[in-house]
Amino acid sequence: MKFSCSSHSSRVRVLSLGVFVVLLHFSITGTAIAAGNDSLKKSLVKIFTTMQNPNYYEPWRIDSQISVSGSGCILPGHRILTNAHVVSNQIFIQVLKEGDTKKYTAKREFVAHDCDLAVLSVDDPAFFKGTKPVTFGGLPYLKDSVQVYGYPVGGEDLSITEGVVSRIEIVPYAHSMRNLLAVQTDAAINPGNSGGPVFMKKKMVGVAFQGYNAIVAQNTGFLIPVPIIKRFLKEIKAGAYHSVPSLGLFWEDLENDDLRAYLGMKQDQTGILVPKILWQSSAWNVLQPNDVLLSIDGFPVGNDGTIPFRKGERVHFRYPLCLHGLGDSIPLKILRQGQVQTLKITLKEDVRLVPDIEYDVAPTYFIFDGLVFTPLTMNYLRTVKDPAPDFLVLLNQTPTEDRKQVVLLSHILNHEINKGYGHDYTNVVVRKVNGIPITEMKDLLAAFEKPVGGRHIVEVESPENVIDHIILDANKSKQASDEILKLNEIPEDRSADLKGASH
Amino acid sequence: MKNLSLKQKFLLGLGLIFLAYLILMLSIPSWRWGHTKDLKKSVVKVFTTTQNVDFFEPWKAGSQSSVEGCGCVLPGKKILTLAHNVNKGNFIELEKFGETKRYVAKVEQSGFDMDLAILSVSDQDFFKDTEPVDFGDVPTKGDKVIVHGGEELAVKEDTVSGLDVVWVWDAARYMPVLMTDSSIDAKNNGCPVFSRGKLVGMPLSVSGSDKKGYILPINLIRTFFKDIQDGKPYVGFPDMGVFTQDLVNPTLRDFYKIPADQTGVIVSKVLYGSSADGLLKEGDVLQSFDGYAVDNEGYVTQQKSERVNWYYLFPLHAVGDVVSLDILRDGQKMKVKVPLKPLSCLVPYREDNRHPTYYMVAGFVFTPLTGNYFQTVEWKYFKPELRDLYVHGLPSPETKQVVLLTHVLPHEINKGYERLNNVIVKKVNGKTIHEMKDLIDAFDHPMGNMDVIDVDDLAYFGSTVVIDAQKAKQATDEIMANFKILSDRSQDLK
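Note that the protein sequences, when read in sequence, are chains A and B. Start counting at 1 in the first sequence, then tack on 15, and there's your number in the numbering used here. Start counting at 1 in the second sequence, then tack on 612, and there's your number in the numbering used here.
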C-alpha cells in the first residue's frame, strides 16, 4: 500500500537541522599562485582527493570515482590537519602548499569520522620546507573577530574572510550526525573551505567544516573548536582514534513545576528525566528508567538540559563527553525514587539498531539463491528513493538482545529457483531462516546450513507485521547460487567481514 | 473554367457545396452526430460553496471556497455527481446546459468510498427538458468513451486502455478502475463518462496519477445504487480482511502440499474484526471467490477475458451479502460462506466526516488519528511513526483507535509542555486509552491531585506529562475564553 498525500498549508513544521547542513568540500581542479607575506599563509595547504564510494544497493560493485578539493593546515611534526569528509572513502590524495606549484602525494594517517577530523602525512620531506605549523589558541568568546583561510569556490587562490563568533553550541556534525561542540561565525564559509584553519590573533581557533544551505540561513558557517581538535590529537598520540563516547539515554526536560513535584524533586533540585536507556550503552545497567539526572561530571544539570559553561554561559549537558575518551569513568548524581544517589558510569559508544552513516568500510552483504541480504544502515537508506515510513520508524528504535541489526532482503536476483518471489519481495525484514531467528547478518550463514526437510524456509515480515514464507529447494541451492553469481558477474557471495564467520 | 453559362456555373456551385457538405458530415464521428443533442440534456453543472473542516483546531469553522463540477440526471428526478464535489457543501446549485438559471439542490445520499453522491432539487421545473441517462455496460479495452469537461462542458474523446485495481486516495483503499489513454482530470470533476450514448462511469481522482485517466466503472455505480436502495445508510463497500501470498514458486507449492492442478493464493493474515475473522485461517489456500477461480497470482478472469486482481470483486458486493469461497485447508477442499463486512482499519478516512471528534483539557488537545487529520499539514511533516500507522496500522482487540495529543494551547498550567505535538496517548491517570471516550472517564479520576498523561514519544518529546488536577478545570475555562473555544469537546463526546 503506497500512496502520497496531497499537500495542504503547513502548520507544524519539524525541520531536521541536519538536512540543511552542507559539507564544504568542493570539486574543482587547478593550482594556487604564490602570494603575500602573511606568515599564517605558510600553514595553508590545499587538498585534492579522489574518492570512490561503495554501492550499498549492489554491494559487490563500486561506484564511479569523484574528485573533490578542500583545505588544510600544517601541524607540528610534519602533519596536515583537515576534515574527515575531505578525505573519506579516499583512494588518492594530493596536497599543495600555499605559494607552491608542485602537488605532493599524501597519505591519510588517522581519521575521526565522528568529529570530522583527519591527519595526513607526506612521505617527501621537501613538502614541509618553508612551511610553518600552526599554534593553537583557545575557545573564543562571542563577538571575537576570526579569520577563515582556505580555498573555497569562486577562484583558485587563497581566500581569507573575516567575521565574528556568533554562537558556541552543541550542533549536529553533518558528516557523522553526532552532536558535538561547534563555533558558529558570520565569516563567509563556502564549499572548498572545509578543513581550512580559522585564526584569531594569529592563533588557530578552529577548523572550518560546514555551513547552512543558503535557502535556510545566511552567514552561518561552523568551525570545529580547539577542545575537539585537541581531544582528537591526544587520542591519536596513543596510536589509535576512538570516537567520542555517548551516554546512551533518552532524556526529556523538566521545565514544568507539577512534573518535578510528581517526580519527588525538591524546590532547589534541578535536572532532566531519563525515561529510557539504550541496550548495552554506557548507562545500561547503571541508570534505570525514570531516574532524574541531577549532575554530570560534577556539573549540575538545569531543568532544560544545560550545564554551566564559562562565566554567564550555558551548554548542553552532553558537552563533557566531547572531552572524554572511551573507558573513562565520570560521576553522575541522580534522584531515584526520592533518594539522591551518586553513581560512576564507564563511557562507551552507543550501539545503534540502524548504524549511523559510515565511511571507509565495505558494505556487508550475503547472497543466497539470488536473495540479496544486507543490514539496514543509514548508508543503505540513502540508496532507497523515498523510503517508506516503516523504514524511518526503525531509525528511532533501539537494539535488543533479540534484534541487534535489521536484516533486510534487499532484492532478488531472478533465477528459476526463486521464480515468483522477485516481484513481491524488496526491502522486507527477515525474521527467521529455517526456524532460526535472525538477530544479525551472521546468523544467516549458520541458518542456511540447516535446511528443513530438503527446503530452505525464509520468513519475511511485511510492514503490517504479516509473515510470508519464501521456500527454496535446498537440493538445487548450490548449483543455483553458482549460476546466479556467474550470470550477474558477482565475484563473491558475501562481503569480506562475513567470511570465516561460520558456514 | 471556360465557356460556362451562368446557369451552369450556378449548378456546379450548388453541386460543390453539396459535396463539401457531404464530406463534412462523413468526417464527423458518429457519436458527435448521433448523441450530443441527447447528452446535453442529461449533463448538468454543479456549483458548491464548501465549508472546510479544520481537523487541527476542530472547534473552528474551516475556510470557505467554491467548487465547480458536473453531474448527470438520473431516472426518478435525481442528480448523480461526485461526493467530493458536494460533501463539504453547505450550499449547492445546479445549472442546465445552455441556461443561466441556477436551482438549489441538496445531498440525498453519499458514498464516501465510491465518491458518489445523489442530489435532489425541490423546484421540479429544473427537470423540464432534461433526459435521464441510460446505464450502459462496462467498456472493454479499446472502446471509445466521451467525457464532458471544462467551462462550456466541451466534449473529449478517449480510449479505454484497461481495467486495473489502484489505490484511491479519496476512498483510502484499493478500487477497481478503468484506465484511459489521456488524463481525465479535475476539469472533468464529476462529468459523466459515456459510451455509445450510455453512462459507463464517473471520473475518479487518483493521487499521483500520471498521464492516465481513471474512471469508476458503471458496475460499481450500480452496486452503489443497490446499497442505498430504500434509503439505507451507506456503510462503504465490503472487504474480506485478509492478506495473501502468491503461490507461483513450485517449491513453495510443494511446501504447502498443493497439487499441481490446483490454483489459488495462501492466506497469510486474517484481520481482527473483518469478514474473514473466524471463518478463514492463516495457511488456508483461497481457490475461488464468488464463483470466480483465483489463480496463483491472486487474479480472476472476468467475462470478456479481463484478468483482474481478486480485490476487484469486493466492490461488486454490498455489505451483508454472503459470498461463497472454495478453500484448501490442510489439503482438504472446503466451501466457506462469508457474510461480508465493511473494511476494518485502524486509521479510517471518511470524506463525509464533518464533525471531528476532539477533547480539550488544560490546553491539551486530543483527537483520534484519522485520514482526515493527515490532510491538515503536508504528509511529509508527520512523524514516520504516524505515517506508518496510517499506511500499515491494523486494528487489534487492544487498539481500536489511535488517540493523539495533537498540540498544546499555552497556559500557565501546561508550562514546559509547549513543544508536545502529535504524540500518541497511552494512558491517562493509569487507565489505558483504547478510544477517545476513555479519556473523559480517565480525567475524572486523577491520581491524588495530579493528572498524569503517559505518551509514547521517546524519540522526540518525552514520556510523561503531569498537571495539577485541581487547577485543570479553571485552566480549561480560561483557555476556552482565551482561544474562543465554545465547547471543550465535540458533540459526540457529550
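We treat Cβ as the ideally placed atom computed from N, Cα and C, and that holds for glycine. In this text the structure is predicted, and so the values were computed from the model without any measurement.
- Residue pairing by DSSP places Ser722(B) opposite Ala729(B) in a beta bridge.
- In this structure, the CA atom of Arg919(B) is about 10 Å from the CA atom of Asp907(B).
- Under the 7 Å criterion on CB atoms, Ile349(A) is classed as non-interfacial with respect to chain B.
- Against chain B, a Cβ distance below 8 Å from Arg470(A) picks out Thr863, Asp866, Phe867.
- Taking Lys117(A) as reference, the option from Ala141(A), Pro378(A), Ile322(A), Arg446(A) with the minimal CA-CA separation is Ala141(A).
- Between Val475(A) and Arg509(A), the beta carbon gap of about 19 Å keeps them out of contact (Cβ cut-off 8 Å).
- At a beta-carbon threshold of 7 Å, the residues of chain B lying near Leu487(A) are Thr863, ordered along the chain.
- For Pro242(A), the secondary structure class from DSSP, reduced to helix, strand or coil, is helix.
- Close to chain B, meaning a Cβ-Cβ distance shorter than 7 Å, are the following residues of the segment 401-417 of chain A: Pro404, Asp405, Leu407, Val408, Asn411.
- Counting only unbroken stretches of 3 or more residues, the beta strand (DSSP E) elements lying wholly within the segment 905-960 of chain B are 911-913, 919-921, 934-941, 944-951, in sequence order.
- In the structure shown, Tyr1002(B) adopts helical secondary structure according to DSSP, grouped into three states.
- With its beta carbon less than 7 Å from one in chain A, Ala1071(B) belongs to the interface.
- Tyr156(A) sits in coil when the DSSP states are folded into three classes, being neither helix nor strand.
- If you draw a 10 Å sphere on the C-beta of Met972(B), you find 16 or more other C-beta atoms in it, and that means buried.
- Annotation: Pro335(A) has no Cβ neighbours in chain B at a cutoff of 8 Å; minimum Cβ distance is about 23 Å.
- Here Asp319(A) has Asp268, Glu270 as same chain residues with Cβ atoms under 7 Å from its own Cβ, once five neighbours each way along the sequence are excluded.
- Contact with chain B is found for Glu270(A), since one of that chain's Cβ atoms lies less than 7 Å from the residue's Cβ.
- DSSP lists Phe659(B), Val716(B) as the beta-bridge partner residues of Glu705(B).
- Interface annotation, Val789(B): not in contact with chain A, CB-CB separation never under 7 Å.
- Going by DSSP, Ile840(B) is part of no beta strand (DSSP E) at all; its letter is neither H nor E.
- DSSP places His696(B) in the helix class (H, G or I) of the three-state scheme.
- When C-alpha distances from Ala133(A) are compared across Gln233(A), Arg397(A), Gly211(A), Gly342(A), the shortest belongs to Gly211(A).
- In this structure Pro506(A) is exposed. Its beta-carbon is surrounded by fewer than 16 other beta-carbon atoms within 10 angstroms.
- Boundaries of the alpha helix (DSSP H) around Phe867(B): 862-867.
- Beta bridge pairing from DSSP links Trp266(A) with no other residue.
- Taking 7 Å as the upper bound on Cβ-Cβ separation, chain A lies near residues Val1003, His1004, Leu1006 of the segment 1002-1018 of chain B.
- In the structure shown, the three-state DSSP call for Cys130(A) is coil.
- Closest by C-alpha distance to Asp1053(B), out of Met1062(B), His967(B), Asn1061(B), Lys1043(B), is Lys1043(B).
- For Val789(B), the uninterrupted beta strand (DSSP E) segment begins and ends at 785-792.
- Non-local C-beta neighbours of Asp417(A) in its own chain, meaning closer than 8 Å and more than five positions away in sequence, comprise Pro452, Thr454, ordered along the chain.
- The beta carbon of Tyr119(A) sits closer than 6 Å to the beta carbons of Val110, Val137, Asp139, Phe142 from its chain, once the five residues preceding and following it are set aside; these are given in chain order.
- Within the segment 379-463 of chain A, the complete alpha helix (DSSP H) segments at least 4 residues long are 393-398, 404-410, 456-462, listed from N- to C-terminus.
- By the rule that beta-carbons nearer than 7 Å mark a contact, Val421(A) does not touch chain B.
- A Cβ-Cβ contact shorter than 7 Å links Ala888(B) with Val854(B).
- Residue-level contact check: Pro996(B) touches chain A, since one or more beta carbons of chain A fall below 7 Å from its beta carbon.
- Considered as a whole, the segment 191-222 of chain A harbours no complete run of any alpha helix (DSSP H) with no fewer than 4 residues.
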